[in-house]
Ligand SMILES: Nc1ncnc2c1ncn2[C@@H]1O[C@H](COP(=O)(O)OP(=O)(O)OP(=O)(O)O)[C@@H](O)[C@H]1O
Ligand SMILES: [Mg+2]
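Chains as they are written, first to last, in this note's numbering: chain A, 1 to 275; chain B, 1001 to 1333.
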């Protein structure tokens, strides 16, 4: 029964992949509900349920403030990069000009530099602009790092939109701005949602820039704060609090993906691009 | 009521000349059809007139006003595309109202005009639907409706029927003919390579060949007095028979053209004779392919079904000596 074998193997593989990707998060959740010494016993099933860790994280220090920072930074990065990317991709996909493909390649090559390579230079730029230790410094640097990918994806997507639709809009008297906002934007939701979501996740999880470009607790974002969480003494690692904080930080992402996954799929299956 | 004048109009893409100096005058309210083989530049010429493509050199004027550098909406044109090009995310109503909204028309005025156009095209019941919920023919009517509501001075069509099936094509063709009768203030230009569309719709036809105007005239002028073998072969279906060599010499020409419908089978002493190779029966008419020793079989059109069997020897004669004589250069001799 080769068909059955194939099917079993397939689902076994799926199970393994799911296990690998979900297990760390699952373990974080069950650990976050533990307290005291049970934190250090290994168990794969929930043993206790206590919200003490969550309460201590939220009450202690500036965690809510940092959460808000993360939300502000990530949202603004998404909005800013989508706004810039959609206008840039219109030019790159639809306006004929000299050196267009060279420009596109340059944009893509920017994303090849590892973060650490540009850290020092970017630090100087941010200090020069007076953005050091502000949220704007983070927004600025994240946007720079998200843009190449966003521009690239949106350009590819926009290229595939039928030229006739744009021409019909031109005949109807639409300016480029109207074409972008009223005609292309509604057709580009799937691409916008996908790239926006990825930009959000990248900004939400970013650590190195956040650590380097901010110095005071009030301007920190969540990933840095979690890493810098300390227990009562120097030798105590507050695992429970760290896990609780991690869960709090991950939940918004999961929710976002679940919300927009619907949109992505509906956008793709609508297939309404062809007249 | 717009006269369109093209003077030495040229268009090149890089080094590649597509339109090579076209001079043409299109009269007010005329239905002008551009025909020609694929790649001869029909669409390009239409797009130059629409303003979607930049003019390389020459002047284009609407009513003596040079419009070379005006945008399509400033020129007051509307265009129907081969692929419909409806906005997929907008309802039929919004598709039709889009241009008017951009032009800042009043809400009542917009509703009135969209409803009028929808009624005219019988798409009122689809106004709330999205384009993807419509059939091809309905979509094309919406596209026509979108163009109508803008009340254009010049109405442009680029092969609007070629994505439709045969029956629908005929129906929509009649729609367009009616439209032309109703919009008697509008100049229309229509691109096609279907010559039935060209013959039935056009006030005048402009035959294009390789970026040049080959001949302009009414459908009958082109049919009866083609100014070149190219036009002669292009207009009419089935194609005109061309005979050379001794067949043409008998008529003191280099090329002799005879339309299939101007040939008849005679009992004896026909102008030419040969064996019937095959016959195509369409019911109402039939085409006989006769080998008379020329390069290609002679096509003869007959009313009704063919009464002859393949292999039969037949005599053929032009009716009333209705033939076209051409010289070496392919011009009328
Ligand atoms: N944007 C462009 N860049 C380069 N060449 C082009 C462009 N648009 C058209 N051409 C060329 O110009 C010539 C005329 O094209 P056009 O589309 O006007 O032909 P057409 O007569 O409409 O043909 P068809 O009946 O197949 O639609 C073709 O050889 C085509 O390859
Ligand atoms: Mg064409």
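Cβ atoms here follow ideal geometry from the backbone N, Cα and C, with glycine treated the same way.
Nearest-angstrom Cβ-Cβ length linking residue i and residue j, presumed shorter than 8 angstroms
i: residue 1311/B; j: residue 1276/B; result: 7 angstroms
i: residue 1273/B; j: residue 1313/B; result: 7 angstroms
i: residue 1285/B; j: residue 1302/B; result: 7 angstroms
i: residue 229/A; j: residue 238/A; result: 6 angstroms
i: residue 1141/B; j: residue 1100/B; result: At roughly 18 angstroms, the Cβ-Cβ gap does not stay under 8 angstroms, so residue 1141/B and residue 1100/B are not in contact.
i: residue 25/A; j: residue 250/A; result: 7 angstroms
i: residue 1072/B; j: residue 1131/B; result: Between residue 1131/B and residue 1072/B the Cβ distance is about 21 angstroms, and since that is not below 8 angstroms, they are no contact.
i: residue 8/A; j: residue 77/A; result: Incorrect: roughly 44 angstroms between the Cβ atoms, too far for contact.
i: residue 1220/B; j: residue 1231/B; result: Wrong, their Cβ atoms sit about 13 angstroms apart, outside the cutoff.
i: residue 1316/B; j: residue 1270/B; result: 5 angstroms
i: residue 187/A; j: residue 161/A; result: 6 angstroms
i: residue 135/A; j: residue 219/A; result: 6 angstroms
i: residue 1136/B; j: residue 1168/B; result: 7 angstroms
i: residue 1114/B; j: residue 1084/B; result: Residue 1114/B to residue 1084/B, Cβ: 17 angstroms. No contact.
i: residue 1040/B; j: residue 1211/B; result: 7 angstroms
i: residue 1225/B; j: residue 1186/B; result: The Cβ separation is near 29 angstroms, so there is no contact.
i: residue 1104/B; j: residue 1227/B; result: Residue 1104/B to residue 1227/B, Cβ: 48 angstroms. No contact.
i: residue 203/A; j: residue 110/A; result: With 8 angstroms as the limit, residue 203/A and residue 110/A do not qualify as a contact, their Cβ atoms being about 17 angstroms apart.
i: residue 32/A; j: residue 240/A; result: 7 angstroms
i: residue 1027/B; j: residue 1003/B; result: 6 angstroms
i: residue 1308/B; j: residue 1282/B; result: With a Cβ gap of about 15 angstroms, residue 1308/B and residue 1282/B do not count as contacting.
At 4 residues or longer, and completely inside the stretch 1207-1245 of chain B: list those alpha helix (DSSP H) runs for me, N to C. Runs of the alpha helix (DSSP H) inside the stretch 1207-1245 of chain B: 1219-1224 and 1229-1234.
Is there contact here, the stretch 136-154 of chain A with the stretch 166-173 of chain A, by at least three beta-carbon pairs under 8 angstroms? These segments do not touch.
Whose CB is closer than 7 angstroms to a heavy atom of ligand 2? List the residues in chain order. Those residues, listed in chain order, are 1042/B, 1043/B, 1158/B, 1159/B and 1191/B.
Residues, ordered as in the chain, of the stretch 176-195 of chain A that lie near chain B by beta-carbon distance below 7 angstroms: Those would be 178, 183, 186 and 187, in chain order.
With 8 angstroms as the C-beta to C-beta threshold (strictly closer), list the residues of the stretch 1219-1232 of chain B near chain A in chain order. Against chain A - using a Cβ distance shorter than 8 angstroms - the stretch 1219-1232 of chain B contributes no residues.
When you check each C-beta in the stretch 1082-1098 of chain B against every C-beta of chain A, which residues fall closer than 7 angstroms? If the cut-off is 7 angstroms between Cβ atoms, the stretch 1082-1098 of chain B has 1083, 1084, 1085, 1086, 1087, 1088, 1089 and 1098 near chain A.
Complete runs of the alpha helix (DSSP H) confined to the stretch 163-208 of chain A [at least 4 residues]: Runs found: 163-171 and 189-205.
Any contact between the stretch 1143-1158 of chain B and the stretch 1065-1083 of chain B? By contact I mean 3 or more CB pairs, one from each, below 8 angstroms. The answer is yes - the stretch 1065-1083 of chain B touches the stretch 1143-1158 of chain B, with three or more Cβ pairs under 8 angstroms.
Does the stretch 1310-1324 of chain B come close enough to the stretch 1247-1267 of chain B to have 3 or more Cβ pairs within less than 8 angstroms? Contact between the stretch 1310-1324 of chain B and the stretch 1247-1267 of chain B is present, with at least three C-beta pairs closer than 8 angstroms.
Taking a cut of 9 angstroms between CB atoms, which residues from the stretch 1111-1128 of chain B lie near chain A? Listed by position, the residues of the stretch 1111-1128 of chain B near chain A (Cβ gap below 9 angstroms) amount to none.
Segment contact flag, the stretch 187-195 of chain A with the stretch 145-163 of chain A, C-beta cutoff 8 angstroms, min 3 pairs: Yes: at least three Cβ pairs fall under 8 angstroms.
Measuring CB atoms only, is the stretch 1201-1215 of chain B touching the stretch 1027-1038 of chain B, in the sense that at least three cross pairs come out at less than 8 angstroms? When C-beta atoms of the stretch 1201-1215 of chain B are compared with those of the stretch 1027-1038 of chain B, three or more pairs fall below 8 angstroms, so the two segments count as touching.
Which residues, in order along the stretch 161-172 of chain A, keep a beta-carbon less than 8 angstroms from a beta-carbon of chain B? Across the stretch 161-172 of chain A, CB contacts with chain B closer than 8 angstroms involve 162, 164, 165, 167, 168, 169, 170, 171 and 172, in sequence order along the chain.
For the stretch 1147-1177 of chain B, which residues have a beta carbon sitting closer than 7 angstroms to at least one beta carbon of chain A? Among the residues of the stretch 1147-1177 of chain B, none has a Cβ less than 7 angstroms away from any Cβ of chain A.
Cβ pair count under 8 angstroms reaching 3, the stretch 110-121 of chain A against the stretch 174-184 of chain A: Contact between the stretch 110-121 of chain A and the stretch 174-184 of chain A is absent: fewer than 3 CB-CB pairs across the two stretches fall below 8 angstroms.
Return the residues of the stretch 1180-1207 of chain B that lie within a Cβ-Cβ distance of less than 9 angstroms from chain A, sorted by chain order. Answer set for the stretch 1180-1207 of chain B: empty.
Report yes or no: do the stretch 52-69 of chain A and the stretch 235-249 of chain A share at least 3 C-beta pairs separated by less than 8 angstroms? Verdict: yes, contact present.
The stretch 1010-1044 of chain B: which residues have C-beta closer than 8 angstroms to a C-beta of chain A, in chain order? For the stretch 1010-1044 of chain B, which is checked against every Cβ of chain A, not one residue is closer than 8 angstroms.
Taking only runs that begin and end inside the stretch 1125-1175 of chain B, name each unbroken alpha helix (DSSP H) of 4 or more residues, in chain order. Entirely contained in the stretch 1125-1175 of chain B, the alpha helix (DSSP H) runs reaching 4 residues are, in chain order, 1136-1149.
Entirely enclosed alpha helix (DSSP H) segments - the stretch 1017-1071 of chain B, minimum 4 residues: Scanning the stretch 1017-1071 of chain B for uninterrupted alpha helix (DSSP H) segments of 4 residues or longer gives 1042-1050, listed from N- to C-terminal end.
Should the stretch 1172-1180 of chain B be regarded as contacting the stretch 1004-1019 of chain B, the criterion being three or more beta carbon pairs within less than 8 angstroms? With fewer than three CB-CB distances shorter than 8 angstroms, the stretch 1172-1180 of chain B does not count as touching the stretch 1004-1019 of chain B.
Within 8 angstroms, do at least three Cβ pairs link the stretch 128-137 of chain A to the stretch 1044-1051 of chain B? Taking a cut-off of 8 angstroms on C-beta distances, the stretch 1044-1051 of chain B does not touch the stretch 128-137 of chain A, as fewer than three cross pairs fall below it.
Contained alpha helix (DSSP H) runs [length at least 4] in the stretch 210-265 of chain A, N- to C-terminal order: Fully enclosed alpha helix (DSSP H) runs of no fewer than 4 residues occupy 222-228 of the stretch 210-265 of chain A, in order along the chain.
Is there contact between the stretch 205-224 of chain A and the stretch 59-74 of chain A, where contact requires at least three CB pairs shorter than 8 angstroms? Between the stretch 205-224 of chain A and the stretch 59-74 of chain A there are three or more inter-stretch CB-CB distances shorter than 8 angstroms, so the stretches are counted as touching.
The stretch 1160-1169 of chain B touching the stretch 1188-1199 of chain B, judged by at least three CB pairs closer than 8 angstroms: As far as the Cβ criterion goes, the stretch 1160-1169 of chain B touches the stretch 1188-1199 of chain B, which means the pair count is three or higher.
Compile a chain-ordered list of the residues in the stretch 84-110 of chain A whose CB is closer than 9 angstroms to at least one CB of chain B. Answer set for the stretch 84-110 of chain A: empty.
Does the structure place the stretch 1290-1299 of chain B close enough to the stretch 1238-1256 of chain B that three or more beta carbon pairs sit under 8 angstroms? In short, these stretches touch, since the Cβ pair count reaches three.
Every unbroken beta strand (DSSP E) inside the stretch 97-121 of chain A [3 residues or more]: Within the stretch 97-121 of chain A, no complete beta strand (DSSP E) run reaches 3 residues.
Curious, which full-length alpha helix (DSSP H) runs of at least 4 residues does the stretch 40-109 of chain A contain? Fully enclosed alpha helix (DSSP H) runs of 4 or longer: 52-59 and 63-94.
With 9 angstroms as the C-beta to C-beta threshold (strictly closer), list the residues of the stretch 1042-1061 of chain B near chain A in chain order. Those residues of the stretch 1042-1061 of chain B placed with their C-beta closer than 9 angstroms to a C-beta in chain A are 1047, 1050, 1051 and 1052, ordered along the chain.
Cβ-based contacts, 9 angstroms cut-off: residues of the stretch 1062-1079 of chain B near chain A: Those residues of the stretch 1062-1079 of chain B that come within reach of chain A (Cβ to Cβ, closer than 9 angstroms) are 1071, 1072, 1073, 1074, 1077, 1078 and 1079.
Could you run through the stretch 227-249 of chain A and flag, in chain order, every residue whose CB is less than 8 angstroms away from some CB of chain B? Within the stretch 227-249 of chain A, no residue qualifies.
For the stretch 23-41 of chain A, enumerate the residues whose C-beta is nearer than 8 angstroms to any C-beta of chain B, in chain order. Cβ contacts with chain B: none found.
Which residues of the stretch 195-219 of chain A have a Cβ closer than 8 angstroms to any Cβ of chain B? Give them in chain order. If the cut-off is 8 angstroms between Cβ atoms, the stretch 195-219 of chain A has nothing near chain B.
Identify each residue in the stretch 6-18 of chain A for which the Cβ-Cβ distance to at least one residue of chain B is less than 9 angstroms, and report them in chain order. Hits within the stretch: zero.
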